Amino acid sequence: MSIANDLVLDEKLDQLDPLRHFRNDDELVPVQPPSIHNQEIRLSFTAPHLPDPLVVRLTVDASPGCGGIAWPAGEVLASYISRRGPFEGKMVLELGSGTGLVGLAAGLLGANVWITDQAFVLCLWIAFITTGEIICKHHRPLLDIMLRNVALNHLVDRVCVKELNWGDALPHDMPNFDLILAADCVYFEPAFPLLVKTLVDLTSRHHPEILFCYKKRRKADKRFFNLLKKEFVWSDVTDDPNREVYSRESISLLKLVRKR
Ligand SMILES: C[S@@+](CC[C@H](N)C(=O)[O-])C[C@H]1O[C@@H](n2cnc3c(N)ncnc32)[C@H](O)[C@@H]1O
1 MSIANDLVLD EKLDQLDPLR HFRNDDELVP VQPPSIHNQE IRLSFTAPHL
51 PDPLVVRLTV DASPGCGGIA WPAGEVLASY ISRRGPFEGK MVLELGSGTG
101 LVGLAAGLLG ANVWITDQAF VLCLWIAFIT TGEIICKHHR PLLDIMLRNV
151 ALNHLVDRVC VKELNWGDAL PHDMPNFDLI LAADCVYFEP AFPLLVKTLV
201 DLTSRHHPEI LFCYKKRRKA DKRFFNLLKK EFVWSDVTDD PNREVYSRES
251 ISLLKLVRKR
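Residues in the sequence shown are numbered from 1 upward in steps of one, following full-length UniProt numbering.
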């Protein structure tokens, strides 16, 4: 089959089951069965400047969809920023935070952080589209998990949880950020232009550093980078001693810079 036909087939399957890439490939899916419900895990990150490992406590819950568990690119980015910290006095924004892992790590390193995600997760919208019913209309499963995780890590003074849907106008009360973080946010093709728009909006007046950690799962991801390259250039982050290890898992840590 030609590459073009592969992509068409991929897109059709994505429409039917947008999360299939997270489930179907045994080698790429994190070792966390979908039965995880309301569990607490601890992830620790070491760095030469840290006297003790940085420990992030997380409530994980697979029921709200892909954002409720910690993903490999998130662990890579959390590990990298642990080495880059401390971040006292820095304003940090995380996009597509899921459990909040990366933003919480930044908060533990002293930053003031917004962890953000969509209020209604994909599975709920699919139910709405297919049944015509509004399901869990007042339920915000991911944001609630993030709020719990902020409290678990004693970060209520420094980390706030906000709804930020890619492609939407940015909130009026949004401060200027020094650093923008995004991990494992390339997986659903209809969201590609929305994520690029949000990155463009966030860099239209200021020039924050953007660290973008990405796990390659399929050929169609290239379409995200085709859109991204109209507005941004990027380069590999090369000062991470773990780079060789995660590169073998098709994970890349990129620094994005807006084209001028
Ligand atoms: C694979 S998860 C990664 C979560 C986390 N960054 C990590 O690495 O563990 C992708 C995240 O992107 C979020 N997301 C997907 N589409 C979104 C959109 N249109 N607006 C905001 N967030 C979105 C999902 O809800 C989910 O939390």
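Cβ coordinates follow ideal geometry from the N, Cα and C atoms, glycine included. Being a predicted model, the structure only gives us computed values, none of them experimental.
Where the alpha helix (DSSP H) through residue i begins and ends
i: N226; result: D221 to L228
i: L256; result: Careful: L256 lies outside any alpha helix (DSSP H), inside the beta strand (DSSP E) at I251 to R258.
i: I69; result: Premise fails: I69 is in no alpha helix (DSSP H) and is neither H nor E.
i: D144; result: P141 to L152
i: V245; result: R243 to S247
i: V102; result: L101 to L108
Of the listed residues the options, nearest to residue i (C-alpha basis)
i: A106; options: V237, L155 and F212; result: L155
i: K197; options: H172, A220, F224 and K219; result: F224
i: K259; options: A70, D240, V233 and C66; result: V233
i: I251; options: H49, A47 and V76; result: V76
i: G110; options: K230, P190, A119 and G89; result: G89
i: L43; options: D168, V102 and A151; result: V102
i: Y187; options: Y214, P175 and D168; result: Y214
i: S235; options: L256, F45 and N112; result: L256
i: L228; options: E189, H172, R217 and H206; result: E189
i: A169; options: D240, L254 and V200; result: V200
i: W71; options: H49, S97 and S63; result: S97
i: S79; options: V113, M174 and L104; result: L104
i: E94; options: R205, N226, R148 and C185; result: C185
i: P241; options: P48, I41 and E11; result: P48
i: S204; options: D173, A220, R248 and E231; result: E231
i: T59; options: A73, C66 and I41; result: I41
i: S63; options: R218, P86, Q39 and A73; result: Q39
i: G85; options: L108, G74 and R243; result: L108
i: D157; options: P171, N112 and N226; result: N112
i: K216; options: C66, R243, S247 and V237; result: S247
i: D239; options: I81, F87 and P171; result: I81
Bounding residues of the beta strand (DSSP E) (the contiguous stretch that carries residue i)
i: E94; result: M91 to L95
i: E40; result: Q39 to F45
i: R57; result: L54 to V60
i: D239; result: Neither: D239 is in no beta strand (DSSP E) and is coded neither H nor E.
Cβ-Cβ distance between residue i and residue j below 8 Å
i: N153; j: R83; result: no
i: F177; j: V92; result: yes
i: W166; j: L195; result: yes
i: R140; j: A119; result: yes
i: T46; j: G68; result: no
i: D61; j: I145; result: yes
i: E11; j: A220; result: yes
i: L143; j: D173; result: no
Beta carbon proximity, residue i to chain B, threshold 8 Å
i: G89; result: Considering every chain present, this structure includes no chain B. It has just one protein chain.
Cβ-heavy atom distance, residue i to ligand 3, below 7 Å
i: F224; result: Inclusion of ligand 3 in the displayed structure is not the case, the ligand content consisting of ligand 1 alone.
Q. Are the region 209–217 and the region 178–195 touching by the rule of at least three beta carbon pairs closer than 8 Å?
A. yes
Ignoring anything shorter than 3 residues or poking outside the region 155–215, list the beta strand (DSSP E) runs there in chain order.
159–163, 179–183 and 209–215
Taking 8 Å as the cut-off, does the region 157–165 touch the region 45–54 (at least 3 CB pairs, one atom from each stretch)?
no
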